[in-house]
Amino acid sequence: QFRFRSDGGWSDEDGDYACTYGPFAADDVLIRIGEEDYGFDFESGDQSWVFEQCPGVGAFMGIYTEDEWSPLVYDDPYGVDCPCSLSGNALHCATAIVTCPVPGHPRGQFERMVSPVIDRERFTRAGGWNAVFVRFDAFEFLTYSRGTYYRLGFFCFPHSTPQFPESRWSQRQGQDVWYLGERPPFCARNRTDRLTAPIDGVPLPPYWEQMRFCIEVCTGCNHPWPEIPKEGITKGSPIFDNVRVGLTSGVDAPGIALKSGHLFHDGFGQRSPTYLDPGDVCNVDIAYDLSRRNTLKNHWLGDTAVVAGPPVTFPEYAYWIDLCFKISRKGPRQEMIPGYSAWKSRLSGDPEVDFVCALMDTAMVEANGTVVPAKDGQARVTYFHEDDPGFNPAFEDRTPEQEIVPDLVFTPGTRIEYYYHSYWAQGGSEYFRLPESGTFEIECLPMMELDQSTCDPYDVIWPSVLYIDAFNAGAEASITAALEQVGLAFDKYDQQNFSEKYGPSLERSYGGTTYNPGGYGNNGCTLEQLLGYRLILFNTGDLDPWEISGYGYDFLMLRDWLTSTACGLSGTRRGLILNGDQVAALMISLHPNEGEQFCNDILGVELTADAYRDYNDDYYDCVHLVTASGAEFGPAAQTSVFDNGCPRLEEFNVLAVRLGAGAIGNLVYEPGDGAGGVSFPEVGFAQVVKESLSGPGDVGGWKSIVDGFSYHHLSEVGDGGAECSAESAAVVAGIADLLTAELAWLTDQGAVPFDLWSYPCADSAADPDDDIGPCGPVDFLCWVRPNPAKAEVTVRFLSSGNHRVRISIYDASGRLVRTLHDGKIASGETPLTWDGRDDAGRRLHSGVFWVEMSAGDYRSSKELVFLR
102 QFRFRSDGGW
112 SDEDGDYACT
122 YGPFAADDVL
132 IRIGEEDYGF
142 DFESGDQSWV
152 FEQCPGVGAF
162 MGIYTEDEWS
172 PLVYDDPYGV
182 DCPCSLSGNA
192 LHCATAIVTC
202 PVPGHPRGQF
212 ERMVSPVIDR
222 ERFTRAGGWN
232 AVFVRFDAFE
242 FLTYSRGTYY
252 RLGFFCFPHS
262 TPQFPESRWS
272 QRQGQDVWYL
282 GERPPFCARN
292 RTDRLTAPID
302 GVPLPPYWEQ
312 MRFCIEVCTG
322 CNHPWPEIPK
332 EGITKGSPIF
342 DNVRVGLTSG
352 VDAPGIALKS
362 GHLFHDGFGQ
372 RSPTYLDPGD
382 VCNVDIAYDL
392 SRRNTLKNHW
402 LGDTAVVAGP
412 PVTFPEYAYW
422 IDLCFKISRK
432 GPRQEMIPGY
442 SAWKSRLSGD
452 PEVDFVCALM
462 DTAMVEANGT
472 VVPAKDGQAR
482 VTYFHEDDPG
492 FNPAFEDRTP
502 EQEIVPDLVF
512 TPGTRIEYYY
522 HSYWAQGGSE
532 YFRLPESGTF
542 EIECLPMMEL
552 DQSTCDPYDV
562 IWPSVLYIDA
572 FNAGAEASIT
582 AALEQVGLAF
592 DKYDQQNFSE
602 KYGPSLERSY
612 GGTTYNPGGY
622 GNNGCTLEQL
632 LGYRLILFNT
642 GDLDPWEISG
652 YGYDFLMLRD
662 WLTSTACGLS
672 GTRRGLILNG
682 DQVAALMISL
692 HPNEGEQFCN
702 DILGVELTAD
712 AYRDYNDDYY
722 DCVHLVTASG
732 AEFGPAAQTS
742 VFDNGCPRLE
752 EFNVLAVRLG
762 AGAIGNLVYE
772 PGDGAGGVSF
782 PEVGFAQVVK
792 ESLSGPGDVG
802 GWKSIVDGFS
812 YHHLSEVGDG
822 GAECSAESAA
832 VVAGIADLLT
842 AELAWLTDQG
852 AVPFDLWSYP
862 CADSAADPDD
872 DIGPCGPVDF
882 LCWVRPNPAK
892 AEVTVRFLSS
902 GNHRVRISIY
912 DASGRLVRTL
922 HDGKIASGET
932 PLTWDGRDDA
942 GRRLHSGVFW
952 VEMSAGDYRS
962 SKELVFLR
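Using my numbering, the letters of the sequence shown correspond one by one to residues 102 to 969.
If you want it as structure tokens, here you go:
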């Protein structure tokens, strides 16, 4: 990491690469303060901008004409394929632009361009704390292997520290994350408020009088992974243009920002890894993987969230941050957990009634063996502050006993909503809130509830559908609305940071030698727990292999879930929907061997091309989604797919032309009708489906759907033929049109709909010895007793008297071996005895069997182990 030296220069941790000031030039920079514009076109020189460079490496920043930089941006084989927002002169920072055919960055290069001083007094608008935002255009070719990065920041005045109490310019402030682009070369218009709510770092302090904006470029100096090359060909990128710094007013409260990966993560029970127990308890961890893929550290998640705010260098600007939370839903066993009541008793209010706010503690770090406040005390962590009623004086600060939202307290079915707010410690009446609207949430999965058809407190049910949101950047609202519109009950698992190397996996890690030896490392699930769902929808949205570093073995877990025959699931229909613009490419790239085998051999999908637009040479923004010849189903209404044109960062997969065994090319892309559309024969598929059925009547086994597009790019064609509308109503309708047809196909041939259900792998030890029958005239299959059995078993069931009832016995392969009852029966409870023989009277061998009851729309099965 670079450090600010007392002489005004910079160095890394070893003191190398000391940097000094020098001349600088940039292009098309506009500083907007109030109603006045201050423009910098640099046609006459650097105009008071400066830059810092590393001695011995050289300085490469400069102004280049469009004729000089445009070949790097557009020329094959690495050029961008869309119009770029750069124009005229632009800032370039590589070793050469004319003499080298493909310029790049040398190892150890560090350069920083710094704006002139911006005086706050020239910002005339009245208001509270003044926020600063930055907009700029950039061309980037910064793939992971290139080793070149950039980041934004600022300097502010006045600033003071314990070492330098007098007012002075601050060190560089702002986000700590260095940016790169894991994708082919691209142009982007960056529209992020990185100085107001940075991804990682602090906003401008409230007392600033002057500031300077900066952009830093670094190759190798700051690279934490030595096995990766520390220099590389970058086509001169990043190339910057049209930089704008603006100021606005906000509430009279300190701005705050979450540190990267510090949202709390959904999770599954931790104590019963081999089945789903309603009395299990979950960890409340954040989404940041502390191991960062170090297998010795067991993919261990951080336990508490960190919120950053402005530096506190003047006492009058001290502030507090609260974590506010509410129990919006309780699991059926939540009140049975002693720690839950003890936790509530520490709070200043009742979180089951309304939001309760707890004062967060100051983040501390080790410095030369001494614990000191982190970064001048601006960060807070989700531990009770000693001034909060929830603080337990029997324990030290910032220990697990002081966690505001503790581990191993919340049961499956419990949901916690939360947000953060900050306010001035000196009686501030306003507060700044994250998120600005709505709340974050934590869910302990599955979202269990009591089965209202039974009086048994041990009988619980939950959605048989799991929606995994691996995108977390805008698709969720449309997809959840469509799932609700089609009447599908579902659980949602937010796979946060799937695209980042510090994100958690869906699969629960096990083992490890540094953290929790022999234990579990994250909130994910085991395969046995995942088998508690019958339909899984996995959405990756816009993510593509160029920008993602997610966990490839999550796809392998989905493979094992789909193909498992444990718990008699070969006789129960399951469905898998893999949905996303690049989901097939992700599956293959993240795990080139087994992932590709899963994609090709099991799902029957071959990836023909990464992008429909390139494969078919169709650059029109809107395409149609239509049924292919021999398709199994099609959307319920005419549906279009948008975001295919320029400029764009999304691109849709073109799936198999040559299909694997048993697979069907179901949907195809077709050019839109608007201007700019092209005409050509249909090539490839937009969706491939496959089935592998089993069980009596082929109602078991599985079906799969692999899409080459994300649901949130669908749009129902509206009145008058309006297509590719991005209005939320049109998008939700488009998803629902396709989802309705998919669900019908997934559950055809008499398979049970994806309704609420109970786990087939339930541990018999979790059930009471005595069944309590359901209330009222219902159809219901009770637990089989005894289990395991050696001679005879009693099969008890209840009938509403309204349906024909069939009680059948199947072996582990799904073969029908005995029919105990098939016909009408009086309402009420009926016991039947099975002696372990088949319909021909032959005694069956020991093994696992399944007792199934079907009555009208009701179907249930119970596992039975027979021992001889």
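The beta carbon of each residue, even a glycine, is placed where N, CA and C say it ideally should be.
### Query
Where does Cys194 sit, in a helix, a strand or coil, going by DSSP?
Here residue 194 corresponds to residue number 93 of the sequence shown, with the count starting at 1. Here Cys194 sits in coil by DSSP.
### Query
In or out: Phe369 buried (at least 16 other Cβ within 10 Å) or exposed?
To locate residue 369, count along the sequence shown from 1; it is residue 268. Label assigned to Phe369: buried.
#### Entry: Alpha-carbon spacing of Trp935 relative to Leu945, whole angstroms
Translated into the one-based positions of the sequence shown, residue 935 becomes position 834. Translated into the one-based positions of the sequence shown, residue 945 becomes position 844. One C-alpha to the other measures close to 11 Å.
### Query
Taking DSSP as the reference, what is the three-state secondary structure of Thr249?
Position 148 of the sequence shown, counted from the first residue, corresponds to residue 249. Here Thr249 sits in strand by DSSP.
### Message
What residue range does the beta strand (DSSP E) around Thr728 cover?
### Response
Residue 728 sits at position 627 when you count from the first residue of the sequence shown. Taken as a continuous stretch (DSSP letters only), the beta strand (DSSP E) holding Thr728 covers Val724 to Thr728.
### Message
Taking 8 Å as the cut-off, does the region 372-383 touch the region 487-495 (at least 3 CB pairs, one atom from each stretch)?
### Response
no
### Query
What are the complete alpha helix (DSSP H) segments, minimum 4 residues, inside the region 406-485?
439-446
#### Entry: Backbone CA spacing between Glu317 and Pro339 [nearest angstrom]
Residue 317 sits at position 216 when you count from the first residue of the sequence shown. Residue 339 sits at position 238 when you count from the first residue of the sequence shown. In this structure, the straight-line span from the alpha carbon of Glu317 to that of Pro339 is close to 10 Å.
### Message
Comparing C-alpha positions only, which one of Trp401, His922, Asp718 and Gly669 sits nearest to Arg916?
### Response
As a first step, residue 916 is located in the sequence shown; it is residue number 815 there, counting from the start. The option with the nearest alpha carbon to Arg916 is Gly669.
#### Entry: First through last residue of the alpha helix (DSSP H) which encompasses Arg660
Here the question's residue 660 lines up with position 559 in the sequence shown. Tyr654 to Thr664 is the span of the alpha helix (DSSP H), which, as asked, contains Arg660.
### Message
I'd like to know whether the C-beta atoms of Asp570 and Asp595 end up nearer to each other than 8 Å.
### Response
Within the sequence shown, numbered from 1, the residue matching residue 570 stands at position 469. Within the sequence shown, numbered from 1, the residue matching residue 595 stands at position 494. Against a cut-off of 8 Å, the Cβ pair of Asp595 and Asp570 comes out as a contact.
### Message
Can you give me the C-alpha to C-alpha distance between Ser530 and Pro355, rounded to a whole angstrom?
### Response
Position 429 of the sequence shown holds residue 530. Position 254 of the sequence shown holds residue 355. Cα to Cα, Ser530 sits roughly 12 Å from Pro355.
### Task
Output the distance between the C-alpha atoms of Cys194 and Leu281, rounded to the nearest integer angstrom.
Taking the first residue of the sequence shown as 1, we reach residue 194 at position 93. Taking the first residue of the sequence shown as 1, we reach residue 281 at position 180. Their backbone Cα atoms lie some 15 Å apart in a straight line.
### Query
Helix or strand or just coil, what does DSSP make of Tyr520?
Within the sequence shown, the letter at position 419 stands for residue 520. Here Tyr520 sits in strand by DSSP.
### Query
Alpha carbon to alpha carbon, how far is Val454 from Ile428?
Locating residue 454 in the sequence shown gives position 353, where the first residue counts as 1. Locating residue 428 in the sequence shown gives position 327, where the first residue counts as 1. Answer to the nearest angstrom: the Cα atoms are 8 Å apart.
### Task
Pull up the distance between the alpha-carbon of Val769 and that of Leu844, whole angstroms please.
As a first step, residue 769 must be located in the sequence shown, where it is residue number 668. As a first step, residue 844 must be located in the sequence shown, where it is residue number 743. Val769 and Leu844: Cα-Cα distance of roughly 19 Å.
### Message
Three Cβ pairs or more, each shorter than 8 Å: is that satisfied between the region 677-697 and the region 714-723?
### Response
no
### Task
Quickly, what does DSSP pair Ile836 with across the bridge? List them, please.
Locating residue 836 in the sequence shown gives position 735, where the first residue counts as 1. None, per the DSSP bridge assignment.
### Query
Ala764 by DSSP, collapsed to three states: which one?
For the purposes of this step, residue 764 is taken as the residue at position 663 of the sequence shown. Of the three classes helix, strand and coil, the one that applies to Ala764 here is strand, per DSSP.
#### Entry: Host alpha helix (DSSP H) of Trp170 (start-end)
For the purposes of this step, residue 170 is identified with residue 69 of the sequence shown, where counting begins at 1. Residues Glu167 to Tyr175.
### Query
What are the start and end residues of the beta strand (DSSP E) that includes Arg897?
Position 796 of the sequence shown, counting from 1, holds the residue named residue 897. Residues Val894 to Ser900.
### Message
Using only CA atoms, which one of Leu589, Cys257, Gly209 and Ala830 lies nearest to Cys319?
### Response
Working through the sequence shown from its first residue, we reach residue 319 at position 218. Put simply, of Leu589, Cys257, Gly209 and Ala830 the residue whose alpha carbon is nearest the alpha carbon of Cys319 is Gly209.
### Query
What three-state label does DSSP hand Ile132 in the structure shown?
Counting from one through the sequence shown, the residue named residue 132 turns up at place 31. Residue placement at Ile132 is flagged as unreliable, the pLDDT there being 41, under the threshold of 50; the coordinate-derived value follows with that caveat. DSSP, reduced to helix, strand and coil, places Ile132 within a strand of the structure shown.
### Query
With distances taken between CB atoms, is the gap from Tyr532 to Tyr520 smaller than 8 Å?
Locating residue 532 in the sequence shown gives position 431, counting from the first residue. Locating residue 520 in the sequence shown gives position 419, counting from the first residue. Going by C-beta atoms, Tyr532 is not nearer than 8 Å to Tyr520.
### Query
Skipping 5 residues on each side, what residues in its chain have a beta carbon closer than 6 Å to that of Gly116?
Position 15 of the sequence shown holds residue 116. The predicted position of Gly116 is uncertain, since its pLDDT is 33 and thus under 50; no value can be drawn from it.
### Query
Given a threshold of 16 other Cβ atoms within 10 Å of its Cβ, counted over all protein chains shown, does Gly877 qualify as buried or as exposed?
Here residue 877 is taken as the residue at index 776 of the sequence shown, counted from 1. Here Gly877 scores only 45 on pLDDT, less than 50, and its place in the model should not be relied on; the value that follows carries that caveat. Label assigned to Gly877: exposed.
### Message
Within the continuous alpha helix (DSSP H) that includes Gln371, where are the two ends?
### Response
The residue labelled residue 371 in the question sits at position 270 within the sequence shown. That residue, Gln371, is in no alpha helix (DSSP H); it is neither H nor E in DSSP.
### Task
Sort Phe485, Phe314, Gly642 and Lys336 by Cα distance to Arg213 and report the nearest one.
Counted from its first residue, the sequence shown places residue 213 at position 112. Here the closest residue by C-alpha is Phe314.
### Task
Could you check the C-alpha separation between Arg714 and Phe699 for me, to the nearest Å?
Residue 714 sits at position 613 when you count from the first residue of the sequence shown. Residue 699 sits at position 598 when you count from the first residue of the sequence shown. Cα atoms of Arg714 and Phe699: separation of roughly 26 Å, rounded to the nearest angstrom.
### Task
Please report the residue range of the beta strand (DSSP E) in which Gln788 lies.
Within the sequence shown, the letter at position 687 stands for residue 788. That run of the beta strand (DSSP E) goes Gln788 to Ser793.
### Message
Give me, in chain order, the residues of the same chain whose beta-carbon lies closer than 6 Å to that of Asp404; leave out the 5 immediate sequence neighbours on both sides.
### Response
Counting from 1 along the sequence shown, the entry for residue 404 is found at position 303. Answer for Asp404: Asp386, listed in chain order.
### Query
Tyr312 bridges to which residues according to DSSP?
Reading the sequence shown from its first residue, position 211 is the one you call residue 312. At residue 312 the sequence reads Met, which differs from the Tyr that was named. Per DSSP, Ile219 and Cys257.
### Message
Using a Cβ-Cβ cutoff of less than 7 Å, which residues in the same chain neighbour Gly796 once the five nearest sequence positions on both sides are dropped?
### Response
Here the question's residue 796 lines up with position 695 in the sequence shown. Taken in chain order, the residues that qualify are Ser671, Gly672, Gly802 and Gly915.
### Task
Give me the Cβ distance between Val506 and Phe426, rounded to the nearest whole Å; I'm assuming they're in contact under 8 Å.
For the purposes of this step, residue 506 is identified with residue 405 of the sequence shown, where counting begins at 1. For the purposes of this step, residue 426 is identified with residue 325 of the sequence shown, where counting begins at 1. The Cβ separation is near 7 Å, so the contact holds.
### Task
Count the other CB atoms, across all protein chains shown, that sit within 10 Å of the CB of Gln527; report buried if there are 16 or more and exposed otherwise.
For this step, residue 527 is matched to residue 426 along the sequence shown. So Gln527 ends up on the exposed side.
### Message
What does the Cβ neighbour count give for Ala710, buried or exposed, with the cut at 16 atoms within 10 Å?
### Response
Counting from one through the sequence shown, the residue named residue 710 turns up at place 609. The residue is buried, with at least 16 neighbouring Cβ atoms inside 10 Å.
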